[in-house]
Amino acid sequence: MGHKTPLFAEHVALGARMVPFGGWDMPLHYGSQVREHHRVRRDAGMFDVSHMLVIDLDGSGASTLLSRLLANDPARITVPVKALYSCMLNPRGGIIDDLILYIRGIGRYRLIVNAATAERDLAWMRHHTAGLAVTIRPRRDLAMIAVQGPNARAKAIDRLPEELREWSLELKSFWAAQQDDWFVSRTGYTGEDGYEIICPADEAPALWRGLQQAGVAPCGLGARDTLRLEAGLNLSGQDMDETVSPLESGLARTIAWEPADRDFIGRSALQAQREQGGPRRFVGLLLTDRGVLRGHQKVLSGGEPVGEITSGGFAPTLQRSIAFARVAPDIGAECRVLIRDRAVPARVVKPPFVRNGKPCIDL
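In my numbering, the protein residues as written are 10 to 372.
The following block contains the structure:
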């Protein structure tokens, strides 16, 4: 048995199919993964993401620590409560984790890290605190619910504490509002608008039920995966890990090269890779024949292997099979994918595939 989020009983009561994920027992779906996917694209759905870890960092040394740990520059966010997406790297430039950073005030930060890497992330952070005045506090007393879709914010707003409603209505993308232990950010992992709501763990079940009463559909990991794939969003441990860099994972935007004297962990390895030219590209694939793209399938060009798929599947919004792949830099616009010993044609495209319910590529 895995760890259980504060919403475990709610999932069981709704008849969810529970599966292990990152050491947690999580809902895969509540009857139909495809129906849940479409609810998010067309209306509003919600996900229990309490398995992810909230980590608060406080103290005069917090900014120094984060500047050293993150490939993106924490100094880019100076006003509460602004968010920054970044990767945390090892000395070889490999991705320990991808995360979101918020500034909560002077010397006060918040990280949201992935469930499967949470304990490793904490150990890595603590290893680099020597000589710094910083407190690292994992917040397992909190829960998090992602409410996503074109109608998500409108349906969620009245379920927030009254003090947060006006602030939350005015939030721009990648900004947040906070009130005591409630924290509402306009972020997500689906390619749709919405909120990620952090609240005290003991208040999460009432929030979940209130959102359901407002017409927000419970959704599981299955829909979350197809939504994030369509939206061109990487999955930690699958599309990226400690053996690959952001430059090989479509995440060059998360690297802040300036100021040049900010010596973040992994910088020298990334600079060498950038100067030499990356050995692999991270691309999207659109299957142009029958079949389903899956992780670890080989990508061929001119009959020769040039890479492999990292994530793949059927895209309900597009009614086509799509994938991410790490391939040779000179792959060209067409390729083939080896599916059960059959070389099936595919187009090389630039993710995302879908944003705000609309295709971003030609079908």
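We treat Cβ as the ideally placed atom computed from N, Cα and C, and that holds for glycine.
**Prompt:** At what residues does the alpha helix (DSSP H) containing H46 begin and finish?
**Reply:** Q42 to R51 is the extent of the alpha helix (DSSP H) around H46.
**Asked** Excluding five sequence neighbours on each side, which residues of the same chain lie with their C-beta closer than 6 Å to the C-beta of A226?
**Response** R48 and G54
**Sufficient close CB pairs (3 or more, under 8 Å) joining the stretch 275 to 290 to the stretch 199 to 216** = Contact between the stretch 275 to 290 and the stretch 199 to 216 is absent, because fewer than three Cβ pairs lie under 8 Å.
**Message:** Among the candidates N99, R290 and T235, whose CA atom is the shortest distance from the CA of Q42?
**Reply:** T235
**Prompt:** Which value, in whole angstroms, describes the spacing of the CA atoms of I109 and K307?
**Reply:** When rounded, the separation of the alpha-carbon atoms in I109 and K307 is 32 Å.
**Request:** Using a threshold of 8 Å, state whether the C-beta atoms of R356 and T297 are closer than that.
**Result:** yes
**Item:** Close beta carbons around L37, own chain, < 8 Å, minus the five adjacent residues each side
**Value:** A25, R26, M27, V28, G229, L230 and G231
**Request:** Would you kindly report the start and end of the unbroken beta strand (DSSP E) that includes W266?
**Result:** Premise fails: W266 is in no beta strand (DSSP E) and is neither H nor E.
**Request:** Could you tell me the boundaries of the alpha helix (DSSP H) in which M134 lies?
**Result:** The continuous alpha helix (DSSP H) containing M134 extends over residues A127 to H136.
**Message:** Taking the beta strand (DSSP E) that T319 belongs to, which residues open and close that run?
**Reply:** E313 to A324
**Asked** Should P268 go down as buried or exposed, given a rule of 16 or more other Cβ atoms within 10 Å for buried?
**Response** exposed
**Message:** If you reduce the DSSP assignment to three classes, tell me which class V21 lands in.
**Reply:** DSSP places V21 in helix when its eight states are reduced to three.
**Request:** With a threshold of 16 other CB atoms inside 10 Å of the CB of N365, please say whether the residue is buried or exposed.
**Result:** exposed
**Message:** So the candidates are R129, R168 and L242; which of them puts its Cα closest to the Cα of L260?
**Reply:** Closest in alpha carbon position to L260, among R129, R168 and L242, is L242.
**Asked** Per DSSP, A152 is paired with what?
**Response** C208
**Prompt:** Per DSSP, which one or two residues make a beta bridge with G68?
**Reply:** Answer is none; G68 lacks a bridge partner.
**Message:** Am I right that F323 and V301 are in contact with their C-beta atoms under 8 Å? What's the rounded C-beta distance?
**Reply:** 6 Å
**Request:** Quick one: measure Cβ to Cβ for L327 and L372, integer angstroms, because I've assumed they're closer than 8 Å.
**Result:** 6 Å
**Request:** Could you tell me if the beta carbon of P170 falls within a distance shorter than 7 Å of some heavy atom in the ligand ATP?
**Result:** The ligand ATP is not part of this structure, which contains no ligands at all.
**Spatial distance of R237 from M35 (CA atoms)** = C-alpha separation (whole angstroms): 17 Å.
**Prompt:** Going by the beta-carbon positions, is the gap between A152 and S59 smaller than 8 Å?
**Reply:** For A152 and S59, yes; Cβs fall inside 8 Å.
**Message:** Judging by CA-CA distance, which residue of R345, T73, P354 and Y111 is the nearest neighbour of A185?
**Reply:** For A185, the closest alpha carbon among the candidates R345, T73, P354 and Y111 is that of Y111.
**Request:** Kindly identify the DSSP beta-bridge partner or partners of C96.
**Result:** D107
**Request:** State whether the stretch 175 to 194 contacts the stretch 126 to 137, with contact taken as three or more CB pairs (one from each stretch) at a distance under 8 Å.
**Result:** Contact fails: fewer than three Cβ-Cβ distances are below 8 Å.
**Item:** Boundaries of the alpha helix (DSSP H) in which W217 is found, first to last residue
**Value:** A213 to Q222
**Prompt:** Where do the ends of the alpha helix (DSSP H) carrying E171 lie?
**Reply:** E171 to L178 is the span of the alpha helix (DSSP H), which, as asked, contains E171.
**Item:** Closest by C-alpha distance to V90, when choosing among D67, G114, T73 and L78
**Value:** G114
**Prompt:** In terms of residue numbering, what span does the beta strand (DSSP E) encompassing R195 cover?
**Reply:** R195 -> no beta strand (DSSP E), and no H or E assigned at all.
**First through last residue of the alpha helix (DSSP H) which encompasses G54** = Unbroken run through G54 is the beta strand (DSSP E), G54 to D57; no alpha helix (DSSP H).
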